[in-house]
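All remarks here apply to the structure that follows.
In UniProt numbering, the protein residues as written are 1 to 192.
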């Protein structure tokens with residue numbers, strides 16, 4: 001019986017050695033863009049994130065599974081809601097109120113895993129937390145390698161009703177914001 005327990009312990013111990021944790025960091029370069037795009041029944045709006053404020057390194061921990069899927073551990077990008085600019089003070093205020101910024105000042109995007117689909121295309125699994133509510137997404141992403149950096153771009157379609165958010169209405173309900181917003185990102189990353 002003792003031999004079986006020792007054998008099981010050894011198998012468990014060696015099974016974790018196959019997936020060593022890799023550690024690195026990335027920095028988001030100021031030329032990156034991150035835009036929230038939405039529509040009303042009258043026009044479109046864009047809220048641009050001030051990516052120059054993302055000047056800190058983001059720690060990245062990951063391991064590669066046997067099927068070449070990359071699994072990340074606690075790799076999170078936090079976006080301060082105050083750093084979105086929707087074009088004017090009224091829209092900025094409405095946007096921050098929509099996201100319940102006083103109680104939840106950040107949007108958190110956690111990278112969970114990526115899987116290569118073709119030469120430049122990957123599928124990313126993300127956990128996005130808005131206004132204290134988290135949802136999982138699988139999105140296609142284009143990745144391009146350059147000499148000194150990596151370009152990552154894609155689009156995340158979000159239904160704000162899934163986050164228990166009420167789309168704002170203006171002018172006695174005549175102007176209504178659509179439930180779907182898009183997060184468009186084109187990130188230039190440098191290894192830390």
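C-beta atoms are modelled at their ideal positions from N, C-alpha and C, and glycine is treated no differently.
No experiment lies behind these values; they were computed from the predicted model shown.
Check: Across which residues does DSSP place residue 124 in a beta bridge pair?
Finding: 114, 139
Item checked: Where residue 73 falls: helix, strand or coil (DSSP) -> strand
Item checked: Same chain, Cβ closer than 8 Å to residue 53, five either side skipped, listed in chain order -> 80, 83
Note to self: Considering only their Cβ atoms, is the gap separating residue 130 from residue 138 smaller than 9 Å?
What the structure shows: no
Notebook entry, point to check: How many Å lie between residue 122 and residue 186 at the Cα?
Noted result: 15 Å
Next item on the list: State whether the stretch 88-96 contacts the stretch 52-66, with contact taken as three or more CB pairs (one from each stretch) at a distance under 8 Å.
Entry: no
Item checked: Start and end residues, alpha helix (DSSP H) containing residue 89 -> 89-98
Check: Identify the residues that DSSP records as bridge partners of residue 154: which are they?
Finding: 141, 185
Checklist line | For residue 132, the first and last residue of its enclosing beta strand (DSSP E) | finding: That residue, residue 132, is in no beta strand (DSSP E); it is neither H nor E in DSSP.
Notebook entry, point to check: Under the DSSP definition of a beta bridge, which residues are partnered with residue 37?
Noted result: 46, 182
Next item on the list: Could you tell me the boundaries of the beta strand (DSSP E) in which residue 61 lies?
Entry: 57-64
Next item on the list: Below 7 Å CB to CB, which residues in the same chain sit around residue 42 once its five sequence neighbours on both sides are set aside?
Entry: 175
Next item on the list: Determine the direct distance from the alpha carbon of residue 20 to that of residue 184, and round the result to whole angstroms.
Entry: 33 Å
Next item on the list: Compute the distance between the beta-carbons of residue 63 and residue 112, then report whether it is under 9 Å.
Entry: no
Next item on the list: May I ask you to report which of helix, strand or coil DSSP gives residue 195?
Entry: In the structure displayed, the chain extends from 1 to 192; residue 195 sits before or after that span and is not available.
Note to self: My output table needs one value for residue 53: the three-state DSSP class, helix, strand or coil.
What the structure shows: helix
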